[in-house]
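All remarks here apply to the structure that follows.
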Amino acid sequence: MQTEQLGDTVFETWTPEEVYEALTQHRIVLIDVRTPQEFMFEHIEGALLSPMAFFSAQDLPSQQGKPVVLHCGSGVRSGRVAKMCSEAGVDKIAHMDGGFGKWKEARLPYIGTEMSTGSPKRMQME
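Structure follows, in structure tokens:
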């Protein structure tokens with residue numbers, strides 16, 4: 059994990075592997091800032107959806123117990139949302155390096171779409 063200071067905000071960058079470990083141990087809240095369409099097609103199981111277009115730092119869950127980690131498709135949108143959080147006075151925020159694309163490159167499990175039926179399907183990368 060890398061840490062930097064954005065104004066008064068501590069900004070952490072987590073690897074997909076770090077996010078996966080923390081998520082499976084229920085130690086973080088993972089927020090997907092992609093569009094609803096992107097999320098419906100494929101997403102990380104357990105992630106909450108809060109699209110960048112409608113994102114409000116005031117609506118973030120309390121970070122008293124678990125850190126909030128943001129992610130998007132490539133890391134660009136989650137970086138922008140993290141900056142919005144900093145400007146709104148959030149004192150600590152994290153995002154996943156490389157976004158969902160890097161998650162898939164790391165061959166981590168996710169929920170995809172069964173193309174023949176349109177149904178959700180657990181995708182286990184081997």
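Residue numbers for the sequence shown follow my numbering, beginning at 59 and rising by one. By construction, the Cβ of each residue, glycine as well, lies at the ideal position given by its N, Cα and C atoms.
- In this chain, PRO119 is not harboured by any beta strand (DSSP E), its DSSP state being neither H nor E.
- It is roughly 11 Å from the alpha-carbon of SER132 to the alpha-carbon of HIS153.
- Rounded to the nearest whole angstrom, the CA to CA distance from GLU70 to GLN60 is 6 Å.
- In the DSSP assignment, MET154 falls outside any alpha helix (DSSP H) and within the unbroken beta strand (DSSP E) covering 150-154.
- For the pair LYS124 and ILE151, the CB atoms are not nearer than the 8 Å cut-off.
- Boundaries cannot be given for VAL91, as no beta strand (DSSP E) includes it and DSSP labels it neither H nor E.
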